[in-house]
Each structure stands twice: as structure tokens, then as C-alpha cells.
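If you read the sequence shown in the numbering used here, its first letter stands for residue 7, the second for the next number, and so on.
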Amino acid sequence: MKKHIVFTLVLFISILLSGCNEDKKNIENNIKNFYKNYNNDFREIENDLLTIQLQDYLIQVKNKENLEKSIWGLQKPSKLKPNIIKEDLFLTSNSKSDSLIIADIDIKNDTAIIAITHHNKSKKTKWNDTVEMINENGWKINNVYFDNNVNKSTHKIVVKYLK
């Protein structure tokens, strides 16, 4: 009887851990695919790896930028420039990430926090960002904290711009 309980417990723990490992593999793959295809312009990214909320924010930003550009175009010649986001929304550095190392993945329920070190070999730089992912029928990027700073993030830049 005791062996049966121990066997059942070991089996249960194994099942739990295998699910966690599967999530970590999916998260790693999604992060690597996103940054492999990311060309430092949030206007050109594919949305399938972003949460619905982040997709909505980016649509609002693009719409506001297009409006700003059209208004600016009507006012030429003007020394004023259209109000657009100039900083990168997914990397601390405006340099392209040549490679990345996933240092840690912490999963709690449907939220994952991923510590990443990016490298740009030609500029000989590296930097650390933290990515928050949410499981929305698959793991999707919801926010990026630049230099691991909760006060500098994709959401903060976008919300400030949209005000």
C-alpha cells in the first residue's frame, strides 16, 4: 500500500514537471523566434507572438503616428517633426541583437518572467532585458522591461505616448 502511494506521488510530480518543461521549451522557442525576426522596428513585427493587449497598444500607436505624419505633411514647410516613437519598444539598446541567452524562466500560473542577455557582436555590447509573457492560447510577449528596470518598459513608453 505504501509503495502504491509513493509510486502515485512520484508519477504525479513527474507529470507536473514535464508540463513545466514543455512550457519552458515553448517560451524559449517563442522568444528566440521573435528576436530572430525582429529588425528593431515595432511597426514591422508579426503580431502572432504578442498578447492581444500589446497588439492593441501597437495598433493605437501606429494610428496616432500616421495621424501625426499626415498633419505634419499638411503643415510643410515646418520645422516641427511629427510626434512618433523613436525608441525601440522591444530592446534596451537600439542596436540589433545578434544573439541572446535566456538566463532564467520563472513561470507562475499563466505568466512567465524571462531574464535575457542580448549581444551585439559588431558593437561589442551586451545588455539585459526582462520579458513578461502571458499564456493566451500559447505563450505571447506582453511587456519588456529594459535593463531589468520596472520603470522602463514597452507598456510605459506606449501608454505615455498615447496620452
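C-beta: ideal position from N, C-alpha, C; glycine also.
Please read these numbers as outputs of a predicted model, since none were measured by experiment.
Item to complete: Look up F40 in the DSSP assignment and say whether it is helix, strand or coil.
Response: Position 34 of the sequence shown, counted from the first residue, corresponds to residue 40. In the three-state reduction of the DSSP assignment, F40 falls in the helix class, which pools H, G and I.
Discussion item. Quick check: the segment 110–122 against the segment 56–67, are at least 3 beta-carbon pairs closer than 8 angstroms?
Written reply: Verdict: no, contact absent.
Worksheet item: Assuming W145 contacts N43 under a Cβ cut-off of 8 angstroms, what Cβ separation, rounded to an integer in Å, is found between them?
Response: Position 139 of the sequence shown holds residue 145. Position 37 of the sequence shown holds residue 43. Separation of the CB atoms of W145 and N43 is rounded to 16 angstroms, and the pair is thereby denied contact status at 8 angstroms.
Worksheet item: With DSSP run on the structure shown, which of helix, strand or coil describes D112?
Response: Numbered from 1 along the sequence shown, position 106 holds the residue referred to as residue 112. Correct three-state label for D112: strand.
Practice prompt. Would you decide whether S103 is buried or exposed? Buried here means 16 or more other CB atoms lie within 10 Å of its CB.
Written response: The residue given as residue 103 occupies position 97 in the sequence shown. Burial call: buried.
Practice prompt. For the beta strand (DSSP E) containing T146, list its first residue and its last residue.
Written response: Taking the sequence shown and counting its residues from 1, the one referred to as residue 146 is at position 140. In the sequence as displayed, the identity of residue 146 is Lys instead of Thr. Its beta strand (DSSP E) spans residues 145–152.
Discussion item. Helix, strand or coil, according to DSSP, for I120 in the structure here?
Written reply: Translated into positions along the sequence shown, residue 120 becomes position 114. Correct three-state label for I120: strand.
Discussion item. I'd like to know whether the C-beta of D116 is nearer than 8 angstroms to at least one C-beta of chain D.
Written reply: In the structure shown, chain D does not exist; there is a single protein chain.
Discussion item. Just to confirm my understanding: we take H161, look at its own chain, exclude 5 residues before and 5 after, and list those with CB closer than 6 angstroms. What are they?
Written reply: Taking the sequence shown and counting its residues from 1, the one referred to as residue 161 is at position 155. Cβ within range, chain order: N149.
Worksheet item: Where does S76 fall in DSSP's three states?
Response: To locate residue 76, count along the sequence shown from 1; it is residue 70. S76 falls in the helix class under three-state DSSP.
Item to complete: Return the bridge partner residues of H125 from the DSSP annotation.
Response: Here residue 125 refers to the residue found at position 119 of the sequence shown. S105, K132.
Worksheet item: Cα separation between K30 and I65?
Response: Locating residue 30 in the sequence shown gives position 24, counting from the first residue. Locating residue 65 in the sequence shown gives position 59, counting from the first residue. Distance between the alpha carbons of K30 and I65: 29 angstroms.
Practice prompt. Rounded to whole angstroms, what's the CA-CA distance from K166 to D110? Just pull it up for me.
Written response: If you number the sequence shown from 1, residue 166 lands on position 160. If you number the sequence shown from 1, residue 110 lands on position 104. As the crow flies, the alpha-carbon of K166 is around 29 angstroms from that of D110.
Item to complete: Can you grab the Cα-Cα spacing for the pair K158 / H125, in whole Å?
Response: The residue you call residue 158 lines up with position 152 of the sequence shown. The residue you call residue 125 lines up with position 119 of the sequence shown. Between K158 and H125, the C-alpha separation is close to 20 angstroms.
Worksheet item: Exposed or buried, what is I33 when buried is set at 16 or more other beta-carbons lying within 10 Å of its beta-carbon?
Response: Taking the sequence shown and counting its residues from 1, the one referred to as residue 33 is at position 27. I33 sits buried, since 16 or more C-beta atoms from the chains shown fall within 10 Å of its C-beta.
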